[in-house]
Amino acid sequence: MGQFRCLWMDGYLISSLKVSKICLLSSALVLFAAGCAPVSNKPDISKLIKSSIEARAAGHEDLAANDLKEAYENLPASGTPGRVEAINQLYVPTLDLAADLRKSGRLSLSNTMYDKAIEIESECTIGGRASAKHLKRETEEVFEAEERIITTAGTSSAEKARTKALQHETESLERRVLTDDPKPLEAEALKHLDVIRNSFGIASFQYVDAVRVTGEVLVKLNKAQSAVRILEVDSRQLSEPKLEIMKTGDIDAVQDLYFQIPLKSELAYLQIKTGQLDEAEKNARKSCELAKYVGGTMKSRLAVAQLTLASVLNVKGDKEGALRLLKETLPLLKEEKLGKDSERCKMMVEQIEKAQTGK
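First residue of the sequence shown: 867, per this note's numbering; consecutive thereafter.
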């Protein structure tokens, strides 16, 4: 007679046959659970990079940065297959985002992205690639120069009371040109501009404001060509507006470049009035180029330069190009609280769209 063994388990009497069945069932359940357990899916780096590029194009810089940071966190380990390919995909979009952040004035996040690129720079095998270390150093130098210029411009005159009085006179002329007969204002505006030029120089906030007001007076008198000549002659006192100047460390030359941004834009505006459209487009594009390179606190000047360029394109008949640029510029004008320019931009958009639809 075969033996029939029994076991006690948790107070119950269970046969060995039942024990075997329970063990088999348990094993099956374990295997089933293992098969159904979620597989650890690492994020697809290519998809993260694509998502970042799309977010950056839409102006969502924080989302773009977060996608790239996640991609960095999920890079294959050093020496493993696919790491170099992933690094090559990641390197350029990181530099592009860092550059955009610099232009937006977001230096801290820009530097973070440059630091990320620096981490993988030595492993990147893309030929002729830009150096993340060099770009980061250049960015820091640009912002340091900008801070020095703003500080210097704000304290350029020891005679603060006189400076304030001259600025008040500029503002008074600006108000009067909107309502008064421009003829009596002509001599006053030209004399005031001469005082400003001699007191502060061409590369100054005071001159930028005064020459703009003088230009408005002359335009009202149908003497826009005279305003163009004044600005062209005065601008010759400044260094050539070349981006390479930023790397020279020559603070005077760098300061000249900063003030070329609004002066080129103003010159383009006046040249529209005189019908010098090719020259106007050239100067407006140069103003935009300089403002984009500088970034930071120059966003308001970029917005005005883009509005001027859109005006040139509109007059030249490039309605599509003008409309695209106007729609890109309008949010920036609103962000910088440039009310009058925002209204002008909005009006131009409406006029072009109305003409296109024929309504």
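Note that the Cβ used here is the ideal one computed from N, Cα and C, for glycine as well.
Keep in mind that this is a model prediction, so the values were computed, not measured.
Distance, residue j Cα to residue i Cα
i: F1071; j: L1168; result: 16 Å
i: L1192; j: S997; result: 34 Å
i: K1026; j: S1038; result: 18 Å
i: L1196; j: R1151; result: 18 Å
i: L1156; j: V1043; result: 30 Å
i: A1090; j: G925; result: 38 Å
i: D1144; j: E1106; result: 19 Å
i: R1210; j: S1101; result: 27 Å
i: R1165; j: T946; result: One detail in the question is off: residue 1165 reads as Lys in this sequence, not Arg. So the alpha carbons of these two residues sit roughly 44 Å apart.
i: L975; j: L941; result: 21 Å
i: L956; j: T1045; result: 57 Å
i: G1183; j: L1189; result: 11 Å
i: D1075; j: I1127; result: 13 Å
i: S988; j: Q1033; result: 53 Å
i: V1215; j: I992; result: 42 Å
i: F1125; j: G948; result: 48 Å
i: Q1142; j: R1028; result: 38 Å
i: K1002; j: E927; result: 18 Å
i: L934; j: R995; result: 19 Å
i: V1178; j: L1204; result: 20 Å
i: V1061; j: V1094; result: 19 Å
i: A1069; j: K1030; result: 18 Å
i: K1227; j: Y1073; result: Residue coverage of the chain in this structure runs from 867 to 1225, which leaves residue 1227 outside it and unanswerable.
i: L1133; j: G1081; result: 9 Å
i: E1202; j: V950; result: 42 Å
i: H1058; j: N1064; result: 10 Å
i: L1097; j: A1176; result: 21 Å
i: T1140; j: K913; result: 51 Å
i: G1067; j: E1007; result: 25 Å
i: L973; j: L1136; result: 34 Å
i: D1122; j: S918; result: 36 Å
i: I1138; j: V1099; result: 18 Å
i: N932; j: L1129; result: 38 Å
Exposed unless 16 or more other CB atoms sit within 10 angstroms - verdict on residue i
i: K1208; result: In the sequence under discussion, the amino acid at residue 1208 is Ser, which differs from the Lys named in the question. Flag for S1208 reads buried.
i: P1050; result: exposed
i: G1221; result: Sequence check: residue 1221 is Ala here, not Gly. So A1221 ends up on the exposed side.
i: H1000; result: exposed
i: D966; result: buried
i: A943; result: exposed
i: E856; result: A question about residue 856 goes unanswered here, because the residues of the chain that appear run from 867 up to 1225.
i: V1160; result: buried
i: I1053; result: Checking the sequence shown, residue 1053 turns out to be Ala, not Ile. The residue is exposed, with fewer than 16 neighbouring Cβ atoms inside 10 Å.
i: V1077; result: buried
i: T1223; result: exposed
i: Q1103; result: exposed
i: M1213; result: exposed
Beta-carbon contacts of residue i that lie in its chain and below 7 Å, excluding the five residues immediately before and after
i: L929; result: A921
i: C990; result: I953, N954, Y957
i: N977; result: K1002
i: V1079; result: T1036, L1039, E1040, V1043, A1055
i: P909; result: E936, N940
i: K1200; result: S1208
Residue i at chain B interface by Cβ criterion, 8 Å
i: G993; result: Checking the listed chains, one finds no chain B in this structure; it contains a single protein chain.
Residues of its chain near residue i, where Cβ-Cβ distance is below 8 Å and the 5 sequence neighbours each way are ignored
i: S1131; result: N1149, A1150, S1153, R1167, V1170, A1171, T1174
i: I911; result: A937, N940, L941, A952, Q955, L956
i: I1218; result: N1180, K1185, A1188, L1189, L1192
i: K1158; result: K969, L1168
i: S1092; result: L1084
i: E1194; result: Q1172
i: I915; result: D933, L934, A937, Q955, L956, P959
6 Å Cβ shell around residue i - same chain, five flanking residues per side excluded
i: L963; result: R922, A930, M979
i: N1180; result: A1188
i: P1048; result: V1083, K1086, L1087
i: K982; result: Y938, T960
i: I984; result: A998, K999
i: L1198; result: A1169
Write down every uninterrupted run of the alpha helix (DSSP H) in the segment 1131–1174 whose length is 4 residues or greater and which is fully enclosed by it, in chain order.
-> 1143–1160
**Request:** Would you list, in sequence order, the uninterrupted alpha helix (DSSP H) runs of no fewer than 4 residues that lie entirely inside the segment 901–940?
**Result:** 911–923, 927–939
Which complete alpha helix (DSSP H) runs does the segment 1048–1131 hold, if anything under 4 residues is left out?
1048–1066, 1071–1086, 1090–1101
**Item:** Contiguous alpha helix (DSSP H) assignments of at least 4 residues, all confined to the segment 1168–1219
**Value:** 1185–1201
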